[in-house]
Amino acid sequence: MSFQLKDLQNLLYRLITAPSGVAEGLGTEHALPAGGLAALVDGDERLSAEARVDVYADMYFYRLLEALKEDYPATLAVLGEANFHNLITAYLIEHRPSEPSLRGAGKFVPDFLRRHPPRAQVPFVADLAMLERAIIDVFCAADATPLEVSEMNALEPELWGAVKMRRIAVSAVLRAHWRVGEVLRAVEEKRDWKSPGRERNRILVWRRNSRVSYREIASNEAAALAMLARTTKFANVCEVLARGLPQDQAPQAIRDTLARWLSEGLITRAGRGKRDQPRS
Amino acid sequence: MDWFEVISENFMVAGGRPLEVLAAVRDRHPLVLHGVSLSIGTTDPLNRKYLADLRALAKRFEPAWISDHLCWTGVAGRNLHDLLPLPYTAEVVRHVSQRIREVQDFLERPILLENVSSYLTFRDSTLSEWEFLCAVTEQADCGILLDINNIFVNAFNHRFSAEQYLDAIPVERVAQFHLAGHSDHGTHLFDTHDQPVGEEVWALYQRAVRRFGAVSTLIEWDDNIPEFRVLAETAERARRICEATVRAGTTGDEFSAQRPAESALPAYHRA
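Heads up: the sequence lines are chains F and X, in that order. Sequential numbering of the first sequence, starting at 13, is according to my numbering. Sequential numbering of the second sequence, starting at 22, is according to my numbering.
See below:
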């Protein structure tokens, strides 16, 4: 294809995505022909060539802003409209969308927030965005076939320890420095949110059928679920779940945890295919 | 509800609720896949991963057809997530039609391309928008999804005759219509899909039905979505116009309930 079309598309791309608008983009543009933009784009008394490109520049930014507001409603709630707008303005300079779906446009927001903390008094916002992003990713991750209670009950108890299992692919274990699950829950329930406590915690995000859930998990459960990122014998999982517990309390704790995992559809039996590999 | 059109990219995912919902819809209704990121006019290479995902989606859900837009959406590996117009030249016709042929070969089926709304045109253009659309679809041997509102919007924005546009489009290539609302910004019309279809667009639709016959018609309403009753009334109005116009005998076609089905496809789609 001719270089002309390629050059034209690259020029328009630069102008449409120019951080401070088309006018400023034109001011720094070295690839314009004699006659400037008007030599390439028709203008008239209603709209100049620049104003016509501006229409696309506005659409580019506001379409992405609206999409990211939908992806990060709690981040938006704690930052406020103006700060969120500024965040996305800066974010899009560093992370230009490249995927066919808008779903991928905001995937680097949590990382961006860690590297560029906003001035607003919300030091927990990167953790909050991380949780919101995990929910999006889990929402449309590959379906899993969870291990059912009936499958375990069909086995003699003495065989349980040898059962090879792992965590379902549609799950993630997040390491947070703030208890941001509470903030997200408040925003989801349209309640006033409070600044969360600063406390290292683990958050489990998973999907059963089409429903995405999340909850904080204790250290033993987090370690066991981390272990279950790979195929593991249930006996090894039991050892982790029993760590630090009095000997007489360990069996009940293990039973309770396994029952919960089974009811939540969190684990799958090994050998059901590669797509059941979990995230993180 | 006769049939559903869904944005392809929203369902090009590994699993979860989007695919679950789509499967339930497909069990009950005909479906068409409408993409927004094929970027058929870009100078980047075709995105093979995207095409493979689209082909897999089509294989699973067996849409009546696949459509996208006659535009470019990004360059140098970046996506603007917008539908940008192309210069209307013979060289660009060759560029785009060759890529459409590659896409159709890859998908193993013909596709429809939609005329986009636009807010700028290029000085280098030597063809009118409708000449460009006709030339591309002829050289690529693909179908047309004719957006009636986009013709109206562009006719205002670029000062041409919407009627002349309609009358130039080959009847046998049009397999679907879009109708939508737009907003008037004074200096230009904006294709917003957030309000009722304008009366002038309804009039143009009637003219289109007179020319093209009972073509499957979809109302696009993406924002400020009203209660379902209003949507249903809008669809019913399209159906009434279609039925009355066809019965008036101006096209000679029989009314086909506006469902995308094998019989609704142009001849070259049935091959």
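All residues carry an ideal CB built from backbone N, CA and C; glycine is no exception.
Can you give me the Cβ contacts of residue i inside the same chain, cut-off strictly under 6 Å, excluding the 5 residues immediately before and after it?
i: residue 43 of chain X; result: 32
i: residue 96 of chain F; result: 88
i: residue 240 of chain F; result: 178, 179
i: residue 118 of chain F; result: 80, 83
i: residue 243 of chain X; result: 214
i: residue 167 of chain X; result: 195, 198
i: residue 224 of chain F; result: 147, 150, 151
i: residue 211 of chain F; result: 191
i: residue 134 of chain F; result: 90
i: residue 181 of chain X; result: none
i: residue 14 of chain F; result: Interpretation of residue 14 of chain F is limited by its pLDDT of 43, a score under 50 that renders its predicted location unreliable; the figure taken from the coordinates is listed afterwards. There are no such residues.
My assumption, with CB atoms under 8 Å, is that residue i sits in contact with residue j. Please give the rounded CB distance.
i: residue 268 of chain F; j: residue 192 of chain F; result: Their Cβ separation, rounded to whole angstroms, is 26 Å, which puts residue 268 of chain F and residue 192 of chain F out of contact at 8 Å.
i: residue 100 of chain F; j: residue 69 of chain F; result: Between residue 69 of chain F and residue 100 of chain F the Cβ distance is about 14 Å, and since that is not below 8 Å, they are no contact.
i: residue 168 of chain F; j: residue 281 of chain F; result: Contact doesn't hold; Cβ gap of about 16 Å is too wide.
i: residue 58 of chain F; j: residue 209 of chain X; result: 7 Å
i: residue 11 of chain X; j: residue 216 of chain X; result: Beyond the ends of chain X as shown, which are 22 and 292, falls residue 11 of chain X; an answer cannot be given.
i: residue 122 of chain X; j: residue 67 of chain X; result: So it is not a contact: roughly 11 Å between Cβ atoms.
i: residue 72 of chain X; j: residue 29 of chain X; result: Going by Cβ atoms, the distance from residue 72 of chain X to residue 29 of chain X rounds to 11 Å, so no, they are not a contact pair.
Could you give the first and the last residue of the continuous alpha helix (DSSP H) run that contains residue i?
i: residue 309 of chain X; result: Shown here, chain X extends from 22 to 292; a query on residue 309 of chain X therefore has no answer.
i: residue 97 of chain X; result: Segment: none, residue 97 of chain X is in no alpha helix (DSSP H) and carries neither H nor E.
i: residue 266 of chain F; result: 262-276
i: residue 37 of chain F; result: 34-39
i: residue 54 of chain F; result: From DSSP, residue 54 of chain F is part of no alpha helix (DSSP H); its letter is neither H nor E.
i: residue 172 of chain X; result: 169-179
i: residue 45 of chain X; result: 38-49
i: residue 188 of chain X; result: 183-189
i: residue 135 of chain X; result: Looking at the DSSP string, residue 135 of chain X is not in any alpha helix (DSSP H); the run it does join, the beta strand (DSSP E), is 132-135.
i: residue 187 of chain F; result: Here residue 187 of chain F belongs to no alpha helix (DSSP H); instead the beta strand (DSSP E) covers 183-190.
i: residue 233 of chain F; result: 231-239
Residue i by DSSP, collapsed to three states: which one?
i: residue 274 of chain X; result: Note that residue 274 of chain X scores 45 on pLDDT, short of 50, meaning its location in the model is unreliable and no value can be drawn from it.
i: residue 157 of chain F; result: coil
i: residue 226 of chain F; result: strand
i: residue 247 of chain F; result: helix
i: residue 177 of chain F; result: strand
i: residue 29 of chain X; result: helix
i: residue 242 of chain X; result: coil
i: residue 126 of chain X; result: helix
i: residue 146 of chain X; result: coil
i: residue 71 of chain F; result: helix
i: residue 213 of chain F; result: strand
i: residue 280 of chain F; result: strand
i: residue 209 of chain X; result: coil
i: residue 195 of chain X; result: strand
i: residue 61 of chain X; result: coil
i: residue 103 of chain X; result: strand
i: residue 90 of chain X; result: strand
i: residue 255 of chain F; result: coil
i: residue 219 of chain F; result: strand
i: residue 118 of chain F; result: coil
i: residue 118 of chain X; result: helix
i: residue 200 of chain X; result: strand
Below 7 Å CB to CB, which residues in the same chain sit around residue i once its five sequence neighbours on both sides are set aside?
i: residue 62 of chain F; result: 34, 35, 38, 49
i: residue 141 of chain F; result: 84, 87, 121, 122, 125
i: residue 199 of chain F; result: 85, 86, 89, 205
i: residue 93 of chain X; result: 60, 62, 63, 105, 107
I'd like the list of long-range same chain contacts for residue i, defined as Cβ closer than 8 Å, with 5 residues on each side in sequence excluded.
i: residue 147 of chain X; result: 109, 110, 111
i: residue 236 of chain F; result: 249, 252, 253, 269
i: residue 39 of chain X; result: 31, 32
i: residue 274 of chain F; result: 158, 159, 160, 161, 164
i: residue 275 of chain X; result: Because residue 275 of chain X sits at a pLDDT of 41, beneath the cut-off of 50, its placement in the model cannot be relied upon, and the point is left open.
Starting from residue i, trace the beta strand (DSSP E) both ways and give me its first and last residue.
i: residue 167 of chain F; result: Where residue 167 of chain F is concerned, there is no enclosing beta strand (DSSP E), given that its DSSP letter is neither H nor E.
i: residue 52 of chain X; result: 52-55
Could you please tell me which residues of the stretch 125-151 of chain X, in chain order, have their CB closer than 8 Å to any CB of chain F? 140, 141, 142, 143, 144, 145
Residues in the stretch 49-69 of chain X having any Cβ partner in chain F nearer than 9 Å: 56, 57, 58, 59, 60, 62, 63, 64, 65, 68
Mind listing which residues of the stretch 196-211 of chain X have their C-beta closer than 7 Å to chain F's C-betas, in chain order? 208, 209
Closer than 7 Å, Cβ to any Cβ of chain X: which residues of the stretch 25-48 of chain F, in chain order? 25, 28
Beta carbons nearer than 8 Å to chain X: which residues of the stretch 60-76 of chain F have them? 61, 63, 64, 65, 67, 68, 71, 72, 75, 76
Looking at chain F, which residues of the stretch 27-38 of chain X have a Cβ within less than 8 Å of any of its Cβ atoms? 30, 31, 33, 34, 35, 36, 37, 38
For the stretch 85-102 of chain X, enumerate the residues whose C-beta is nearer than 8 Å to any C-beta of chain F, in chain order. 93, 95, 96, 97, 98, 99, 100, 101, 102
Going along the chain, which residues of the stretch 125-155 of chain F sit with their C-beta nearer than 7 Å to a C-beta in chain X? 151, 152, 153, 154, 155
Anything in the stretch 108-125 of chain X with a Cβ closer than 8 Å to a Cβ of chain F? List those residues in chain order, please. Within the stretch 108-125 of chain X, the qualifying residues are 108, 112, 113, 116.
Select from the stretch 177-193 of chain X all residues with a C-beta closer than 7 Å to any C-beta belonging to chain F, and list them in chain order. none
Residues of the stretch 94-110 of chain F in Cβ contact with chain X at a cutoff of 9 Å, in chain order, please. 108, 109, 110
Members of the stretch 235-259 of chain F that neighbour chain X once the beta carbon cut-off is set at 8 Å: none
Against chain F: residues of the stretch 239-267 of chain X by CB proximity under 7 Å: none
Interface positions of the stretch 212-227 of chain F facing chain X (Cβ-Cβ less than 9 Å), listed along the chain: 219, 221, 222, 223, 224
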